[in-house]
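The structure under discussion appears below in the form of structure tokens.
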Amino acid sequence: MSWLHDHQEQLDGYQLYAEIAYRFRPKVLPDDRDDIEVEITLKLKEEADRHTQVTPAFLTLCAKHLVVHYWRKKYRERRRFCRLYEGDKGEMIANGWRVFTPTPDIEARLDARAILTTLPKRMIEVGQKRADAPPVCR
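Following the numbering used here, the numbering of the sequence shown begins with 4 at its first residue and continues without gaps.
So, in structure tokens, the structure goes:
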């Protein structure tokens with residue numbers, strides 16, 4: 004059960020928003036349910052203050068859009084952070100399924116790859132050219 008839903012009588016003017024938010028709780032991951040419920044409640048109050056005539060259908064649609072935005076954000080996070088799987092041939096990264104042989108410095112290589120995915124394409128190309136260039140003797 005939700006704390007917000009259980010204490011609706013204490014929410015002066017927020018009961019309708021809390022009720023709509025409670026209906027959308029099961030549509031997100033269990034760890035994020037309380038957070039999304041509060042976020043939906045506050046956003047619905049904000050939308051109601053901004054518009055003069057607000058219907059429950061409009062508020063439900065706004066809540067639905069917030070849940071869609073939540074899942075879009077989760078999808079982007081999942082693509083940004085690589086997941087590591089261990090197999091019989093070494094360790095694999097889910098993003099592209101590259102196989103790495105076990106080395107003592109595998110974590111540093113994985114961290115470097117994760118950082119590289121966040122950099123602009125041009126910067127990655129410059130770094131690859133510098134890595135492929137012969138060493139400079141001084």
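Note that beta-carbon positions come from the ideal geometry of N, C-alpha and C, so glycine has one too.
- Remark: C-beta atoms of LEU45 and CYS65 do not approach each other more closely than 8 angstroms.
- ILE43 is not a Cβ neighbour of ALA60, given a cutoff of 8 angstroms.
- With respect to VAL129, TYR73 sits apart: the two C-beta atoms are not nearer than 8 angstroms.
- Per DSSP, the unbroken alpha helix (DSSP H) holding LYS48 starts and ends at 36-53.
- Secondary structure of TYR20 (DSSP, three-state): helix.
- Looking at VAL41, ALA115, ASP135, the one whose alpha-carbon comes closest to that of GLN18 is VAL41.
- It is roughly 7 angstroms from the alpha-carbon of ILE127 to the alpha-carbon of LEU119.
- Taken through DSSP and simplified to helix, strand or coil, THR58 comes out as coil.
- Nearest to ILE39 by alpha-carbon distance, out of LEU62, HIS54, VAL70, is VAL70.
- Ranked by how close their Cα comes to the Cα of GLU22, the residues ARG81, HIS54, THR63 have THR63 in first place.
- Proximity to ARG79 across ALA115, THR121, ALA51 peaks at THR121, based on C-alpha coordinates.
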